[in-house]
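Numbering (the UniProt record's numbering), first residue to last: 1 to 294.
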């Protein structure tokens, strides 16, 4: 799959992943590395987003972006679960002549709005739904011009997203977080890392992850420490605990089954790890969060 590159000012955008589907299962808490911005648009159905500990209702027309180091998860109702379109951007700073193109300062001001909002949620008021329809229609056609057309559409999507963010700032006041700063991204590595910890946290090993992203185990550890602030074992525990918390809050599964689902061979190992991370037992956490009784 192409990365559909485009330039905005002194920034390069790649899009290694595009999807449009009905959500089949809740998404455990996870976060993206530096330079990653995931844009979500709810096309139908309902759900709940939890981002940095805050809950948000999701329903048709809601648009949101989750950027670097924003812990977030998605919960689904039993009936009428949501469908969403999702666009996964990787943003990196250009240098030299490529960064000094005519008009780059004006375009940089657009990108800065995105970088200053690693998390934003609101209603779309600028026609993003039809633009997404154009993108997925073009992908289905697979014509000789498809890659170029999709790159143009994805650039337009960033502009419309920024318009939505700017409109909300005018209404609510300009509350921002620090800019992400310059980044150095390695092709598809960060996307592969995040997919591995999101869907293979039970079985993933440092060796298998390193092989997948084409680095030595030492290089992988250094990459994780640089971009996530934790080593492989810490990142895997984070992913497993996110799955455990989701099950404790939303199901009545016994602790033994949750331990198994989170990738632990024994309940004892799971409970000891959980207590070390949260300073309480899994059942205490369930009672505190108002989950299903065991």
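Positions of the beta carbon are idealized from the N, C-alpha and C atoms, including for glycine.
Taking just the CA atoms, how far does residue j sit from residue i?
{"i": "residue 237", "j": "residue 216", "result": "21 Å"}
{"i": "residue 31", "j": "residue 53", "result": "13 Å"}
{"i": "residue 145", "j": "residue 5", "result": "14 Å"}
{"i": "residue 283", "j": "residue 44", "result": "35 Å"}
{"i": "residue 104", "j": "residue 164", "result": "21 Å"}
{"i": "residue 231", "j": "residue 207", "result": "13 Å"}
{"i": "residue 87", "j": "residue 39", "result": "5 Å"}
{"i": "residue 107", "j": "residue 224", "result": "31 Å"}
Specify the secondary structure class of residue i as computed by DSSP and reduced to three states.
{"i": "residue 18", "result": "strand"}
{"i": "residue 57", "result": "strand"}
{"i": "residue 90", "result": "strand"}
{"i": "residue 25", "result": "coil"}
{"i": "residue 213", "result": "helix"}
{"i": "residue 46", "result": "strand"}
{"i": "residue 69", "result": "coil"}
{"i": "residue 269", "result": "helix"}
{"i": "residue 4", "result": "coil"}
{"i": "residue 84", "result": "strand"}
{"i": "residue 204", "result": "coil"}
{"i": "residue 264", "result": "coil"}
{"i": "residue 79", "result": "coil"}
{"i": "residue 184", "result": "Low confidence applies here, because residue 184 scores a pLDDT of 36, under 50, leaving its location unreliable; read the following figure in that light. Looking at residue 184 - three-state DSSP - the assignment turns out to be coil, as it is neither helix nor strand."}
Taking the alpha-carbon of residue i as reference, which of the options has the nearest alpha-carbon?
{"i": "residue 142", "options": "2, 264 and 93", "result": "2"}
{"i": "residue 47", "options": "148, 80, 230 and 96", "result": "80"}
{"i": "residue 264", "options": "72, 240, 235 and 220", "result": "240"}
{"i": "residue 154", "options": "33, 230 and 128", "result": "128"}
{"i": "residue 289", "options": "248, 34 and 252", "result": "248"}
{"i": "residue 151", "options": "168, 162, 132 and 73", "result": "132"}
{"i": "residue 90", "options": "245, 242, 16 and 230", "result": "16"}
{"i": "residue 167", "options": "92, 113 and 51", "result": "113"}
{"i": "residue 7", "options": "280, 279 and 92", "result": "92"}
{"i": "residue 125", "options": "138, 70 and 41", "result": "41"}
{"i": "residue 137", "options": "77, 75, 243 and 18", "result": "18"}
{"i": "residue 270", "options": "287, 250 and 244", "result": "244"}
{"i": "residue 220", "options": "278, 210 and 228", "result": "210"}
Just list the residues that DSSP pairs residue i with in beta bridges.
{"i": "residue 123", "result": "62"}
Answer yes or no: does any C-beta atom of chain D fall closer than 8 Å to that of residue i?
{"i": "residue 212", "result": "This model lacks chain D altogether, as it is built from one protein chain only."}
Inset, instruction - Assess, as a yes-or-no matter, whether the stretch 188 to 197 is touched by the stretch 151 to 159 under the definition of 3 or more beta carbon pairs within less than 8 Å. - result: no
Legend entry - Cβ pair count under 8 Å reaching 3, the stretch 59 to 69 against the stretch 110 to 126: yes
Inset, instruction - Inspect the CB distances between the stretch 22 to 36 and the stretch 78 to 97 and report whether three or more fall short of 8 Å. - result: yes
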